[in-house]
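Read in the numbering used here, the sequence shown has 499 at position 252, and its numbers run on one by one without any break.
C-beta: ideal position from N, C-alpha, C; glycine also.
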Amino acid sequence: MKVILGALSKLLAGELLIDKNPLTLIQELDLKGQKIEEDFWQLLKMHFCGQTPSRKYIERVDEQAFNQPYLIKGVDMYGFLLNAKCYKLQEICDKYLNIGSSKFYCPAAPYVVLTINNIESLQSINSPDSEKGYVTEQEAIFWVPVLMGTKVGLLFKPERLVWFMAYLFVNNSPVLVSGREIFGFPKQIATFTFPSQPGETEPLSVDTLVFKKFFQNLKAEEARIIEVKTKKSLNDQTNSYEDPAEFLADMVNNLKINQVTIPNFDISLDLISGALGKAVNIIGLKEFRDIEDSSTACYKAIVYTPMRVTNFSRGTIIKNSLVKIHNYASHRICQELGLSNSDAQVAEITPSLSFYINFDFQVDNGKVLWEEGWQKRWKDQETDLD
């Protein structure tokens with residue numbers, strides 16, 4: 248605009264002679280001014296904001312952050328539906344998700360799903376990492392079902408069901424680094440014990456590094472965090488299904504038998520059917536601590552990651568299981584999620600529903616829904632999530 252005003256001043260003063268239509272000249276000067284402004288901001292980004300014209304990722308031979316998407320095969324999943332307090336789940340949503348975007352997030356139901364998974368193969372789909380081979384993975388995840396929508400005053404309009412990973416334990420560095428750096432998944436290293444064969448009654452267990460108490464001279468140590476015991480082996484359970492629709496029907500029937508109350512039953516069906524056939528959409532906070540000021544984040548974003556089941560092999564409802572969760576100063580899982588017996592050192596919880604599934608799935612490229620950028624610019628866009 249200053250370019251245009253300067254030219255008009257010279258024109259009126261008789262200092263500038265033109266042989267073009269005045270309207271054409273103004274349009275050309277306006278475009279030139281926009282180009283100058285764009286070049287100026289690009290200069291600032293390059294030399295003052297640590298950005299360069301090339302965003303190509305610099306690969307290492309020993310790269311730990313494998314490039315996505317991923318194909319994951321041979322998943323033995325043990326799942327447990329745990330009762331939780333809604334107000335505690337809302338506190339989780341407010342802390343990690345309701346931080347500035349136009350979307351609002353709230354718990355979809357007063358439940359958390361614990362899954363403990365033994366995975367035969369995780370591999371990148373695209374080169375160069377697809378040519379390296381695959382890794383195995385063991386993981387335990389506390390999932391919070393969340394409704395994503397818009398809020399006007401006290402009115403909330405839900406738009407989509409998503410899942411938030413509140414706690415996530417894995418057994419090796421490539422899956423930890425890939426999950427944290429690419430998707431913002433809060434992964435931490437753990438040691439797992441699984442049955443030698445799916446269907447045996449050996450307990451599932453997870454150990455991780457904890458601070459039992461917070462004290463300056465206290466050393467962290469590895470300790471038991473999760474343990475699951477089942478009285479019957481999977482081979483002794485009543486029904487096993489190879490058809491996901493039949494398995495879904497049995498799950499819904501068991502929810503009714505166990506008097507599991509979910510505010511919106513359509514949502515409960517979506518929770519289950521989504522995990523069996525549709526995309527399981529994950530919402531999360533991706534952030535990195537700033538190198539100059541550890542109390543601030545150098546990057547912060549709300550990210551969306553779709554996962555989809557590619558093959559369902561079989562599913563079984565598990566009877567008579569017991570989940571034990573150990574609470575420490577550094578891992579207040581029961582307190583944060585509002586689970587039963589949250590004040591106990593070791594909380595013993597009877598799940599409202601337990602199940603086993605063997606399946607394959609794919610993790611696709613995610614999307615940034617909102618991010619805090621340089622010069623306090625906000626990316627908060629209506630992104631097509633389908």
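Original post:
From residue 319 to residue 474, what distance separates their C-alpha atoms?
Top reply: When rounded, the separation of the alpha-carbon atoms in residue 319 and residue 474 is 25 Å.
Subject >> DSSP state of residue 541 mapped onto helix, strand, coil >> reply: coil
Subject >> Buried or exposed (CB count within 10 angstroms, at least 16 for buried), residue 427 >> reply: Buried, because 16 or more other Cβ atoms sit within 10 Å of the Cβ of residue 427.
Original post:
Taking the alpha-carbon positions, what's the residue 459 to residue 493 distance?
Top reply: 44 Å
Original post:
Do residue 497 and residue 486 have their C-beta atoms closer together than 8 Å?
Top reply: yes
Original post:
Hey, does residue 583 have any beta-carbon neighbour from chain D nearer than 8 Å?
Top reply: Checking the listed chains, one finds no chain D in this structure; it contains a single protein chain.
Original post:
Smallest Cα separation from residue 591: which of 600, 578 and 534?
Top reply: 578
Subject >> residue 494 - containing alpha helix (DSSP H), residue span >> reply: 491-504
Original post:
How do the stretch 549-569 and the stretch 598-610 stand: do at least 3 beta-carbon pairs fall below 8 Å, yes or no?
Top reply: Look at the beta carbons and you see the stretch 549-569 touching the stretch 598-610: at least three pairs across the two are nearer than 8 Å.
Subject >> residue 327 classed as buried or exposed, judged by whether at least 16 other C-beta atoms fall within 10 angstroms >> reply: buried
Original post:
Which runs of the alpha helix (DSSP H), 4 residues or longer, sit entirely within the stretch 418-487?
Top reply: 420-425
Original post:
Taking residue 365 as the reference, which of 556, 417, 542 and 585 has the closest Cα?
Top reply: 417
Subject >> Option in 347, 317 and 607 with minimal Cα separation from residue 491 >> reply: 607
Original post:
To the nearest angstrom, how far is it from the Cα of residue 343 to the Cα of residue 325?
Top reply: 26 Å
Subject >> Range of the contiguous beta strand (DSSP E) that encloses residue 325 >> reply: Residue range 317-330 is occupied by the beta strand (DSSP E) that includes residue 325.
**OP:** Determine the burial state of residue 376: buried for a count of at least 16 other Cβ atoms within 10 Å of its Cβ, exposed for fewer.
**Re:** buried
Original post:
At what residues does the beta strand (DSSP E) containing residue 304 begin and finish?
Top reply: It is not in any beta strand (DSSP E) - residue 304 carries neither H nor E in the DSSP assignment.
Original post:
Would you say residue 548 and residue 537 are within 8 Å of each other, going by their C-beta atoms?
Top reply: Going by C-beta atoms, residue 548 is not nearer than 8 Å to residue 537.
Original post:
Thinking just about the alpha-carbon of each residue, which of 489, 550 and 378 is nearest to the one in residue 619?
Top reply: 550
**OP:** Sort 333, 602, 346 and 556 by Cα distance to residue 488 and report the nearest one.
**Re:** 602
Original post:
What are the start and end residues of the beta strand (DSSP E) that includes residue 398?
Top reply: 382-399
Subject >> Rounded C-alpha distance that separates residue 436 from residue 503 >> reply: Going from the Cα of residue 436 to the Cα of residue 503 covers about 37 Å.
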